[in-house]
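A short worksheet on the structure shown next.
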Amino acid sequence: MSIPARDRERADALRELLHHHSHQYYVLDTPEIPDAEYDQLFRELQALEEKYPGLLAPDSPTQRVGGKTLEGFAKVRHKVPMLSIRTETDIEASGARNFDARVRRELGLKDGDPAIEYVAELKFDGLAISLRYEGGVLVQAATRGDGEVGEDVTQNIRTVGQIPLKLRGAPPVLEVRGEVYMRRDDFERLNELQREKIARGAKNEKTFVNPRNAAAGAVRQLDPGIARQRPLSFYAYGWGEIEGGPAFETHYELLQALGRWGLPVSDRTVLAMGADELIAYHQAVGRERDGLPFDIDGVVYKVNSLALQKQLGFVTREPRWAVAHKFPAQEQLTTVESIDVYVGRTGKLTPVARLKPVFVGGVTVTNATLHNEDEVHRKDVRVGDTVIVRRAGDVIPEVVAVVPDRRAAGAAVFHMPATCPVCGSAALREEGEADHRCTGGLFCSAQRKHAILHFAQRRALDIEGLGEKLVDQMVDAGVIRTLPDLYRLGLANLVALDRMGDKSAQNVLAALEKSKATTLPRFLYGLGIRHVGESTARDLARHFGNLDGILDASVEQLLQVPDVGPVVAESIHAFFRQPHNREVIEQLRACGLHWEEGEPAARAPQPLSGKTVVLTGTLPTLSRDEAKELLEAAGAKVAGSVSKKTDYVVAGAEAGSKLDKARELGVAILDEDGLRQLLAG
Ligand code: 5U1
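When we follow our numbering, the leftmost residue of the sequence shown carries the number 572, and every step to the right adds one.
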């Protein structure tokens, strides 16, 4: 078949690109693009080569498994090649169906034939390693390299505590294949240490982009002394050469034997019959993914019978009996269109990267906070830069790193403005603080808007319909300057605003009227006192019983409140010493805001004090916030994740991995009725 010039040129360009990125990744440990982009380029080349076999060249990156051997390490020829794994590109359920259908076809099975038994495993995001044991003793550890020849990293691997130096009961020769990875908490600690070293002026130190790069860097570190300081973990999932020892019929039996001989094997590996059980596994792991202590990028399915594996064989260097079924990528590349400075309720200035929209971790991301000026400088983010953006689970998207090679000449270093971008007041950074703050206080319309929105929010005064757009308009039009102005609004003020009809205006006035009957904790929280969140507001109300007690409390008296420390006590005290704050409170009371007051510290006994409860799923009648409020009012602590310390898990419809975890740990599980009984004591 003749090959169109355009396709030939594209294949050449892709090969060049892939060679470059493979060198960056495998040899230099400095990837310039996220894995997802590399995979995409790789698959594009694979597709072209499949379409035009004449394009296939022996040096194509598709013809080898990994990167090049580092100069500094001795080379190791693998006795049994270290294979790669085919990736199922379809991330939806059909990925598992496609694999099952392929396997059945290759084995000549028909529709009515029994389901195939598979092993489903996690796909760890680390570095593949082959460990060679002779007479049960670790004699060599090697990276995959190009699949045929890897690097001898025995010295470094010996520093990994999880890898046994000696096995018990293992065959005389045993090559174990698995993944060296770094746990997320170890990664965070390592980067924290790296940051400290950099802050102390250490040269040649850097922070790591993600746990996988940190693990790969540690394994391929030429100085084993440094490798030892990098906390690594290991899971075994396969084998190479085996001589002597018992015979096995299935992959699962062999994995269990590896465990018995002393190697770490994952307890999340399961047996699965047919495509449906593979799909269920993919979905369950997908839900659990963010809660795992390490990164995974998908799951792996393998035909369990070793005889069937043999029958299925390989295509190039990928076995036909296994496939990796990936999850949506959690990292993507995009560009920084601008760095804006956002003014928060307390005047804190936050630099925010406005990004070219990018689909990552299942959502379209357009902004990422850069936290403060130091953080922007640490990552050296500049307008126009290409950056790696990461979003895992519900975590706020973040700029992980800049791709330095893609920086345009002359890109300017970011500096925090000397004045507030909203009101023009001086923006100051106090000594020892990381944040710049606008000094404009309530003169600054941004701070005023935030203060009003905070007061109106559902957890505070709960003024329905008073959203961002309306508050922006009212503050910009000068209708509202302070909180009590809200309660002095008339219909005429409201209907004069853009796109505000009679009916909507009446609704806002009704919501304002309704909000006047509130509770003391909501009122206190709504005032927006620095360091006073909902739970401190509740503690204050409970301890003092009434507002006047709090207004006149000394720092010492405030320190008597449970969980109130010196910083919080000072902040509350300073807030109520400000005459204009007291004036605002008096005016709000004069406008009719009221709540029930009680006696100081004459607290009713709290039935759930000291108990920790986790909420999961949708309850039939209570919203998550309502359930939380009821529990906290009864003295319970509501936590976000299940652990051995959890006393109860309240589970509703579509409860996810938290419910599984509760069952696993034997934590008491309640439905909504059970919760009500618990609250009733
Ligand atoms: N869990 C697991 N990860 N993983 C990666 N199993 C597994 N198997 C692999 C790879 C590359 O390869 C074999 C199928 C050869």
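Beta carbons: idealized from backbone N, C-alpha and C, even for Gly.
Determine the closest residue to residue i out of the options, with distance taken between C-alpha atoms.
i	options	result
Thr1090	Glu1167, Thr725, Cys1162 and Met1045	Glu1167
Ser804	Val780, Ser837, Ala818 and Ile797	Ser837
Cys994	Asp684, His896, Val914 and Glu615	Val914
Gln1083	Thr1053, Ala1063 and Leu1037	Note that residue 1083 is Leu in the sequence shown here, rather than Gln. When only C-alpha atoms are compared, the closest one is Leu1037.
Leu589	Thr633, Tyr752 and Lys622	Thr633
Ala982	Ile867, Lys774 and Asp956	Asp956
Asp534	Thr714, Leu1250, Glu1243 and Ser1228	The structure shown has nothing for residue 534, since the chain only spans 572 to 1252.
Val1184	Leu1230, Arg766, Ala699 and Ala1067	Leu1230
Ala786	Phe865, Leu999, Val651 and Gly815	Phe865
Phe1026	Ala1063, Val1066, Gly1072 and Arg1093	Arg1093
Asp583	Lys1208, Ser573 and Leu627	Leu627
Asp684	Phe819, Trp832, Val674 and Ala895	Val674
Phe695	Val1042, His896, Val984 and Val960	His896
Ile1034	Arg1052, Gly1012, Ser1016 and Ala1076	Ala1076
Val1209	Glu1105, His822, Glu1235 and Glu944	Glu1105
Gly1011	Ile687, Pro835 and Ala989	Ala989
Leaving out the 5 sequence neighbours to the left and right, which residues in its chain are closer than 7 Å to residue i when beta-carbon positions are compared?
i	result
Leu1246	Ala1198 and Val1221
Gln1158	Pro1055
Lys950	Val970, Ala972 and Val973
Glu677	Leu883 and Arg891
Glu615	Leu585
Glu603	His592, Gln595, Val974 and Asp976
Asn1152	Phe1146
Thr725	Gln711 and Ala712
Asp1073	Val1066
Please go through the same chain and pick out, in chain order, the residues whose beta-carbon is closer than 8 Å to the beta-carbon of residue i, but skip the five residues on each side of it.
i	result
Cys1162	Pro1055, Tyr1058, Arg1059 and Lys1087
Arg1144	Looking at the sequence provided, one finds His at residue 1144 rather than Arg. Around His1144: Ala1124, Ser1125, Val1126 and Leu1129.
Val923	Ile910, Asp911, Val912, Tyr913, Asn938, Ala939, Thr940 and Leu941
Glu620	Ala582, Leu626, Leu627, Ser631 and Thr633
Lys646	Thr640, Gly716, Val720, Gly721, Glu722 and Asp723
Val960	Glu902, Gln903, Leu904, Thr905, Leu926, Val929, Val931, Val936, Ala939, Pro968, Glu969, Val970 and Val971
From residue i to residue j, what does the alpha carbon distance come to, in whole angstroms?
i	j	result
Phe613	Gly811	26 Å
Asp1047	Ala1112	34 Å
Leu1193	Asp1218	20 Å
Leu1201	Arg1109	12 Å
Val598	Gly718	At Val598, the pLDDT of 45 sits below 50, so the modelled position is not reliable; the number obtained from the coordinates is stated separately. Answer to the nearest angstrom: the Cα atoms are 15 Å apart.
Leu1098	Gln1018	13 Å
His1007	Lys1020	19 Å
Glu763	Phe779	10 Å
Gly1061	Leu1080	8 Å
Gln617	Gly625	12 Å
Pro1133	Ser1142	16 Å
Val1155	Pro899	50 Å
Arg754	Cys991	41 Å
His1102	Thr1187	28 Å
Gln1044	Ala1022	15 Å
Lys639	Gly716	Bear in mind that a pLDDT of 44 at Lys639, under 50, signals an unreliable position, so the model cannot answer this.
Met987	Leu761	29 Å
Leu698	Val751	5 Å
Pro1178	Gln1248	11 Å
Gly1223	Ala851	20 Å
Arg888	Lys873	15 Å
Lys1182	Glu1203	10 Å
Phe758	Phe819	37 Å
Val636	Tyr623	With a pLDDT of 39 at Val636, under the threshold of 50, the modelled position of this residue cannot be trusted; read the value that follows with caution. Their Cα atoms are separated by approximately 21 Å.
Arg1195	Tyr704	53 Å
Going by beta carbon distance, what residues of the same chain come within less than 6 Å of residue i, once the five residues before and after it are set aside?
i	result
Pro1171	Phe1115, Gly1116 and Gly1120
Glu580	none
Gly809	Arg748
For the beta strand (DSSP E) containing residue i, name the first residue and the last one.
i	result
Thr730	It is not in any beta strand (DSSP E) - Thr730 carries neither H nor E in the DSSP assignment.
Asn938	Val934 to Thr940
Ala1187	Sequence check: residue 1187 is Thr here, not Ala. Where Thr1187 is concerned, the enclosing beta strand (DSSP E) stretches over Thr1183 to Thr1187.
Lys897	Ala893 to Lys897
Val690	Glu688 to Phe695
Glu812	Ser804 to Glu814
His1007	His1007 to Cys1009
Gln1177	That residue, Gln1177, is in no beta strand (DSSP E); it is neither H nor E in DSSP.
In the DSSP assignment, find the unbroken alpha helix (DSSP H) run with residue i in it and report its ends.
i	result
Ala855	Gly845 to Glu859
Glu969	Here Glu969 belongs to no alpha helix (DSSP H); instead the beta strand (DSSP E) covers Glu969 to Val973.
Ile910	Here Ile910 belongs to no alpha helix (DSSP H); instead the beta strand (DSSP E) covers Glu902 to Val914.
Arg801	From DSSP, Arg801 is part of no alpha helix (DSSP H); its letter is neither H nor E.
- prompt: Can at least three beta-carbon pairs, one atom from the segment 742 to 751 and one from the segment 916 to 929, be found at a separation below 8 Å?
  reply: no
message: Three Cβ pairs or more, each shorter than 8 Å: is that satisfied between the segment 787 to 797 and the segment 645 to 661?
response: no
field: the segment 865 to 881 contacting the segment 935 to 943, beta-carbon criterion three pairs below 8 Å
entry: no
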